[in-house]
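Residue numbers (the numbering used here), protein chains in the order written: chain A, 3 to 308; chain B, 482 to 996; chain C, 3 to 297. Right, one structure below, let's go through it.
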Amino acid sequence: MKQYIARRVGYSLLSLFLLSVTIFLFVRVTGDPVSLLVEPGASPEDIENIRRQLGLDQPLWEQYWHFMASLFAGDLGQSFYYRVPVLDLYFQRLPHSLLLAAVAMALSLLIGIPSGILAAVRVDGFWDSAGKIFALLGLSLPQFWVGLVLILFFSVYLGWLPSSGSGGVLHLLMPAFTLGWYFAAAHMRLTRSSMLEVLGSEYIKLARLKGLPEALVIGKHALKNALIPVITLAGINLVVMINVAVVVETVFAWPGIGRLLYEGITFRDFPVVQGVVIIGGAMIVMVNLLVDILYALIDPRIRLES
Amino acid sequence: MVSLSTTRRGVLGLSTAAMIGATLRATDAAPEGELRVGVHVSLAPTWFDPAETPGIITPFMLLYAMHDAVIKAMPGDPMAPCLAESCTMSPEGLSYALSLRKGVKFHNGEELTAEDVKFSLERYRGAASKSLRDRVANVDIHDPHRLTIRLKEPWPDFLTFYAGASGAGWIVPKKYVEQVGDEGFKKAPIGAGPYRFVSFTPGVELVCEAFDGYWRKKPAIKRLVFKVIPDESTRLAALQRNEIDIAYSIRGELADELLRTPGLAIKPALGSAPYWLYFPEQWDPQSPWHDRRVRQAASFALDRKTMNEALTLGHSRLTGSIFPENFEFYWALPPPAYDPARARKLLAEAGHARGFDAGDYYCDTSYANIGEVALNNLREVGIRVKLRPLERAAFFKAYSEKKLKNIVQGASGAFGNCATRAEAFVAKGGTYVYGSYPDIDELFAEQAVEMDRAKRAATLQRLQQLVHDKAIYAPIWQLAFISGVGPRVDQSGFGLIKGFVYTAPYEDLTLKGKA
Amino acid sequence: MAVITPVTTDTVASTAPFWRLKGFPVIPVSILLLIAFVAVFADVLAPHDPQIGSLARRFKPPFWLEGGSLVYPLGTDHVGRDVLSRLIFGARVSMVVGITAVLVAGSIGTLLGIMSGYLGGWADQVVMRITDTWLALPALTFAIFLAAIVGPSELNIILILGLVYWTRYARVIRGEVLSLKQREFVRLAVVAGCSSRLIMWRHILPNVINSAIVLATLMLGVVIVTEASLSFLGVGVPPPKPAWGLMMADGKKGLMVGYWWLTVFPGICIMLMVLSANLLGDWLRVKLDPQLRQL
Numbered sequence: 003m004k005q006y007i008a009r010r011v012g013y014s015l016l017s018l019f020l021l022s023v024t025i026f027l028f029v030r031v032t033g034d035p036v037s038l039l040v041e042p043g044a045s046p047e048d049i050e051n052i053r054r055q056l057g058l059d060q061p062l063w064e065q066y067w068h069f070m071a072s073l074f075a076g077d078l079g080q081s082f083y084y085r086v087p088v089l090d091l092y093f094q095r096l097p098h099s100l101l102l103a104a105v106a107m108a109l110s111l112l113i114g115i116p117s118g119i120l121a122a123v124r125v126d127g128f129w130d131s132a133g134k135i136f137a138l139l140g141l142s143l144p145q146f147w148v149g150l151v152l153i154l155f156f157s158v159y160l161g162w163l164p165s166s167g168s169g170g171v172l173h174l175l176m177p178a179f180t181l182g183w184y185f186a187a188a189h190m191r192l193t194r195s196s197m198l199e200v201l202g203s204e205y206i207k208l209a210r211l212k213g214l215p216e217a218l219v220i221g222k223h224a225l226k227n228a229l230i231p232v233i234t235l236a237g238i239n240l241v242v243m244i245n246v247a248v249v250v251e252t253v254f255a256w257p258g259i260g261r262l263l264y265e266g267i268t269f270r271d272f273p274v275v276q277g278v279v280i281i282g283g284a285m286i287v288m289v290n291l292l293v294d295i296l297y298a299l300i301d302p303r304i305r306l307e308s
Numbered sequence: 482m483v484s485l486s487t488t489r490r491g492v493l494g495l496s497t498a499a500m501i502g503a504t505l506r507a508t509d510a511a512p513e514g515e516l517r518v519g520v521h522v523s524l525a526p527t528w529f530d531p532a533e534t535p536g537i538i539t540p541f542m543l544l545y546a547m548h549d550a551v552i553k554a555m556p557g558d559p560m561a562p563c564l565a566e567s568c569t570m571s572p573e574g575l576s577y578a579l580s581l582r583k584g585v586k587f588h589n590g591e592e593l594t595a596e597d598v599k600f601s602l603e604r605y606r607g608a609a610s611k612s613l614r615d616r617v618a619n620v621d622i623h624d625p626h627r628l629t630i631r632l633k634e635p636w637p638d639f640l641t642f643y644a645g646a647s648g649a650g651w652i653v654p655k656k657y658v659e660q661v662g663d664e665g666f667k668k669a670p671i672g673a674g675p676y677r678f679v680s681f682t683p684g685v686e687l688v689c690e691a692f693d694g695y696w697r698k699k700p701a702i703k704r705l706v707f708k709v710i711p712d713e714s715t716r717l718a719a720l721q722r723n724e725i726d727i728a729y730s731i732r733g734e735l736a737d738e739l740l741r742t743p744g745l746a747i748k749p750a751l752g753s754a755p756y757w758l759y760f761p762e763q764w765d766p767q768s769p770w771h772d773r774r775v776r777q778a779a780s781f782a783l784d785r786k787t788m789n790e791a792l793t794l795g796h797s798r799l800t801g802s803i804f805p806e807n808f809e810f811y812w813a814l815p816p817p818a819y820d821p822a823r824a825r826k827l828l829a830e831a832g833h834a835r836g837f838d839a840g841d842y843y844c845d846t847s848y849a850n851i852g853e854v855a856l857n858n859l860r861e862v863g864i865r866v867k868l869r870p871l872e873r874a875a876f877f878k879a880y881s882e883k884k885l886k887n888i889v890q891g892a893s894g895a896f897g898n899c900a901t902r903a904e905a906f907v908a909k910g911g912t913y914v915y916g917s918y919p920d921i922d923e924l925f926a927e928q929a930v931e932m933d934r935a936k937r938a939a940t941l942q943r944l945q946q947l948v949h950d951k952a953i954y955a956p957i958w959q960l961a962f963i964s965g966v967g968p969r970v971d972q973s974g975f976g977l978i979k980g981f982v983y984t985a986p987y988e989d990l991t992l993k994g995k996a
Numbered sequence: 003m004a005v006i007t008p009v010t011t012d013t014v015a016s017t018a019p020f021w022r023l024k025g026f027p028v029i030p031v032s033i034l035l036l037i038a039f040v041a042v043f044a045d046v047l048a049p050h051d052p053q054i055g056s057l058a059r060r061f062k063p064p065f066w067l068e069g070g071s072l073v074y075p076l077g078t079d080h081v082g083r084d085v086l087s088r089l090i091f092g093a094r095v096s097m098v099v100g101i102t103a104v105l106v107a108g109s110i111g112t113l114l115g116i117m118s119g120y121l122g123g124w125a126d127q128v129v130m131r132i133t134d135t136w137l138a139l140p141a142l143t144f145a146i147f148l149a150a151i152v153g154p155s156e157l158n159i160i161l162i163l164g165l166v167y168w169t170r171y172a173r174v175i176r177g178e179v180l181s182l183k184q185r186e187f188v189r190l191a192v193v194a195g196c197s198s199r200l201i202m203w204r205h206i207l208p209n210v211i212n213s214a215i216v217l218a219t220l221m222l223g224v225v226i227v228t229e230a231s232l233s234f235l236g237v238g239v240p241p242p243k244p245a246w247g248l249m250m251a252d253g254k255k256g257l258m259v260g261y262w263w264l265t266v267f268p269g270i271c272i273m274l275m276v277l278s279a280n281l282l283g284d285w286l287r288v289k290l291d292p293q294l295r296q297l
């Protein structure tokens with residue numbers, strides 16, 4: 003077992019290392035940050051000056067060495083654009099991202115689970131179709147458009163909600179809905195199929211035979227079991243949400259990680275891109291590692307096999 | 482994209498004078514109210530520190546609020562003495578004597594002295610810092626309010642750089658900076674400007690509050706809030722809802738909406754970045770672009786006026802030059818004509834009576850809207866091109882690495898004068914130069930060593946004339962930067978300072994009914 | 003309570019022609035066919051050149067509104083191009099981009115998924131670690147990078163979307179293969195001395211192809227909407243090419259000004275296409291593979 007864990011940790015570290023090299027090279031071949039920090043046509047000496055300040059005048063391997071060395075010291079470097087430590091930037095944005103993702107997830111489940119249950123209980127009925135189509139609509143409309151329509155209606159026309167920014171609960175509603183609606187279809191679909199499966203199982207049949215009221219059968223016995231895979235998926239999607247929120251964050255001026263990364267890329271802010279991607283990578287690799295180890299502990303066959 | 486150029490010192494216009502008088506009325510009243518500005522870019526803490534001013538205009542948006550300069554561009558005067566009462570150049574041009582205004586205080590209550598001015602110049606590490614360091618010999622302090630900046634050799638452009646195109650003349654408190662360090666300064670900047678720093682939330686907002694002790698006058702508005710709103714449709718919505726009072730950069734049809742919404746006003750400001758089409762293959766005899774008539778035809782094909790009306794409501798300035806009109810040594814020429822018939826004729830003469838497939842048209846994605854229109858214009862006369870918008874960073878990388886072909890849509894708002902512009906875009910070896918002409922190179926070399934200003938001007942103007950005659954470029958316009966202003970604002974501050982696209986000076990801004 | 007699983011995978015095969023099957027989604031399939039028809043005959047159907055416009059006639063409303071005319075039935079856009087013609091040609095671009103991107107993603111994902119699942123060990127580790135790290139590079143991030151490296155063009159967008167989404171395939175297919183591996187027929191093939199390559203090609207692939215098809219219908223929607231998001235972020239299909247996503251991104255400013263037709267019409271098209279593909283996918287999933295859930 004120890005050996006398995008050791009090997010598994012080794013693989014994880016290796017993939018993180020590969021990720022760091024990939025992102026390090028990737029971000030460098032696609033553009034020159036200095037050309038974006040000055041106006042085109044700036045004097046060569048100014049360009050040289052900035053290059054030196056950013057440490058871009060050193061050879062590539064030296065830059066990489068420096069990057070790795072400080073990474074091990076827990077330092078992700080300084081943003082080229084903001085000129086403050088990347089870690090500071092990251093942790094300033096993280097709470098906003100988590101908050102947005104959490105509320106979006108809640109809304110998404112609020113749409114997805116009930117419509118999924120309805121769809122499962124009334125297969126091919128009106129509610130099935132209506133719920134399915136509402137959930138699918140969120141998936142099929144570009145988020146930037148949904149966001150703007152919401153702003154137009156709720157902010158400009160009705161004047162109920164603030165158009166953008168962060169602060170109170172009201173600021174959160176539109177971005178969270180836009181993001182959550184996009185994910186609702188996946189949760190609906192999974193709830194529906196998982197529910198159908200549970201409803202077909204022996205113990206539900208037994209419960210029905212015992213003459214329990216249908217509402218109780220569905221609401222208590224079936225739902226409890228059907229929701230397990232949905233919650234698992236929601237957990238994964240929560241991580242995914244933090245990353246895909248860039249469009250919503252841009253439309254609603256929400257200060258999250260997605261936009262930090264997006265702006266990092268547009269400005270070729272190497273330390274920001276490297277930092278955000280590596281922290282994200284570390285999180286995902288860590289979660290996978292934990293899951294694998296847990297499975298291995300539960301099911302000895304897995305570790306024998308590999 | 483401002484030019485804080487020194488060359489053509491404007492005469493203080495009557496209207497400007499009257500307006501300054503009007504705003505000065507409010508001096509006695511205590512500042513009140515809040516002005517919220519919707520900003521189109523993410524605010525970076527590095528902009529709180531004048532020492533790090535890069536060669537772009539955006540940081541000046543904040544410098545004008547939190548800091549003050551020895552000499553800076555002000556309404557009616559691109560070189561207005563501010564912290565300095567006077568600045569005199571010695572006859573041989575080797576030193577500049579500054580006499581500072583007395584009783585000027587930083588936000589922490591300490592008095593601004595010659596020590597701070599010297600410290601700020603020596604600490605400066607932003608754009609043009611090398612030029613300054615190489616040429617400034619020493620700063621002599623005579624007493625707390627008098628100092629002399631001595632140069633190693635005469636440098637006629639010194640003030641252009643010290644007071645305009647850099648942050649070296651913007652003063653930070655020496656004692657405070659030494660106490661908190663560079664990092665600490667960015668977290669809690671202290672300056673001598675009309676507004677003091679209150680709080681900054683990265684990616685969200687910057688809050689400033691009026692500094693009662695500002696030497697020029699007490700600001701009329703109590704609080705300034707800069708809110709970051711990256712999407713321009715959202716900025717407009719926020720303005721319509723009065724969540725913000727000023728929205729920067731509202732383009733195209735969104736600007737139409739500003740005109741249509743009661744209470745909102747449109748504030749165009751002319752930046753100093755010319756846009757152009759460049760023909761990188763003109764030095765290749767095999768290319769159709771080698772023929773000057775083809776390049777001229779492309780220029781005649783562009784319906785700049787209609788483009789201007791559609792994209793910037795007619796507020797951009799059509800130009801036939803890649804040199805901004807407010808640059809030193811600028812050679813004025815009439816805006817280019819729109820003449821598709823003549824374009825077709827020129828093409829026919831060049832052997833393309835039925836038009837030709839001209840390949841790709843490269844541009845920066847953010848300005849693909851210009852490209853889309855130009856594409857139709859070119860097609861109408863028979864120049865068939867394919868639009869290839871590249872993401873900004875990739876575009877400039879490819880442009881400077883000389884990888885682009887056929888047509889390149891470029892622009893530059895870099896500081897400098899006509900010589901520096903020619904160096905980057907026309908003369909042999911320039912960053913964005915794909916080829917050059919011997920006569921132009923000769924003129925360029927000639928002016929670089931010419932000490933006599935008048936002769937140098939003549940050479941540079943001849944150079945510009947050649948650039949035009951050879952149709953190296955097909956210039957389009959100097960782009961207008963359009964912003965929206967909400968109903969609460971009385972004096973918005975747009976257009977007060979020539980060539981500056983943001984609102985300033987902040988102490989002159991007023992809200993309605995609060996005077 | 004164990005759920006009884008069918009012994010063979012042949013529950014999939016049915017003798018009846020598919021359109022006679024119960025619950026066959028007639029409307030979604032008709033819509034998809036209609037879009038395909040429009041895409042193929044775009045040149046004949048479109049009244050104007052979709053890429054040419056004139057500023058003189060920009061922002062003309064649809065014909066039933068004041069100022070509109072039947073010459074431009076659905077109005078004109080910000081450059082004065084005919085919206086209807088752009089929608090018609092947009093069907094082609096969106097179909098081509100959507101389908102080929104899904105094919106690219108599907109081929110890479112299925113291939114690597116099978117290899118990873120069947121060969122296990124070293125190959126499995128490599129593929130799974132790549133899919134891990136892929137997740138860390140959010141789809142849009144990766145797309146922006148690729149767009150910066152290879153430049154924008156229809157072909158590149160296909161490549162980008164394909165490369166971004168193959169990992170979803172790989173994960174699902176790998177899972178399928180892991181369970182197939184335990185089945186009798188695969189074990190028998192191994193005993194009979196078939197090579198790994200042959201087993202993967204002959205025995206595994208035909209059994210996962212159903213899942214791949216179902217996944218494809220669901221991915222089509224994701225790909226089309228992502229294409230729109232890429233345009234919004236400035237790295238999508240390059241203008242003036244007519245693509246629905248690009249039309250929406252371009253027209254979004256018009257939304258604030260009341261030029262609703264610029265985004266509503268392409269929005270409806272995208273919505274119909276994505277909805278139809280998804281409904282078809284749902285049906286296929288039930289028919290082809292009741293096991294497949296986590297899509």
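Where a beta carbon is used, it is the ideal one built from N, C-alpha and C, also for glycine. None of these values were measured; they are calculated from a predicted model.
{"Asked": "I need the DSSP call for A58 (chain C), collapsed to helix, strand or coil.", "Found": "helix"}
{"Asked": "Between A:L154, A:R85 and A:E50, which has its C-alpha nearest K667 (chain B)'s C-alpha?", "Found": "A:R85"}
{"Asked": "Does the beta-carbon of E566 (chain B) have 16 or more other beta-carbons within 10 angstroms, so that it is buried, or is it exposed?", "Found": "exposed"}
{"Asked": "Please classify A929 (chain B): is it buried, with 16 or more other beta-carbons within 10 angstroms of its beta-carbon, or exposed?", "Found": "exposed"}
{"Asked": "Given V275 (chain A), which residues of its chain have a CB within under 8 Å of its CB, disregarding the five upstream and five downstream residues?", "Found": "I25, V29, L263, G266 and I267"}
{"Asked": "With three or more beta-carbon pairs closer than 8 Å as the criterion, would you say the region 575-592 of chain B touches the region 609-627 of chain B?", "Found": "yes"}
{"Asked": "Given that a residue counts as buried once 16 or more other Cβ atoms are within 10 Å of its Cβ, and exposed if not, what is A251 (chain C)?", "Found": "buried"}
{"Asked": "Does DSSP put V237 (chain C) in a helix, a strand or coil?", "Found": "coil"}
{"Asked": "I need the straight-line Cα distance from G502 (chain B) to R741 (chain B), nearest angstrom please.", "Found": "No answer about G502 (chain B) holds up, because its pLDDT of 39 lies below 50 and its placement is not dependable."}
{"Asked": "As a quick exercise: from B:V982, B:P968, B:G650 and B:S881, pick the residue whose alpha carbon is nearest that of Q890 (chain B).", "Found": "B:S881"}
{"Asked": "Does T32 (chain A) come out as helix, strand or coil in the three-state DSSP assignment?", "Found": "coil"}
{"Asked": "Compare the C-beta of T265 (chain C) against all C-beta atoms of chain A and say whether one is closer than 9 Å.", "Found": "yes"}
{"Asked": "Thinking L282 (chain C) and V31 (chain C) are a contact (beta carbons under 8 Å), I'd like their distance in whole angstroms, please.", "Found": "6 Å"}
{"Asked": "Determine whether the Cβ of I175 (chain C) lies closer than 9 Å to any Cβ atom of chain B.", "Found": "no"}
{"Asked": "Where does R506 (chain B) sit, in a helix, a strand or coil, going by DSSP?", "Found": "For R506 (chain B), the predicted model reports a pLDDT of 45, less than 50, meaning its position is unreliable and no value from the coordinates is stated."}
{"Asked": "Scan the region 273-294 of chain C for residues whose Cβ lies nearer than 7 Å to a Cβ of chain A and list them as they occur along the chain.", "Found": "M273, V276, L277 and N280"}
{"Asked": "Starting from R448 (chain B), follow the beta strand (DSSP E) in both directions and report where the run begins and ends.", "Found": "Because chain B in this structure spans residues 482 to 996, residue 448 (chain B) falls outside the shown range and cannot be described."}
{"Asked": "Skipping 5 residues on each side, what residues in its chain have a beta carbon closer than 6 Å to that of R902 (chain B)?", "Found": "F804"}
{"Asked": "Measure from the C-beta of W183 (chain A) to each C-beta in chain C and report whether the shortest distance is under 9 Å.", "Found": "no"}
{"Asked": "Counting Cβ pairs closer than 8 Å, one from the region 805-819 of chain B and one from the region 937-944 of chain B, do we hit at least three?", "Found": "yes"}
{"Asked": "State whether the region 104-117 of chain C contacts the region 228-240 of chain C, with contact taken as three or more CB pairs (one from each stretch) at a distance under 8 Å.", "Found": "no"}
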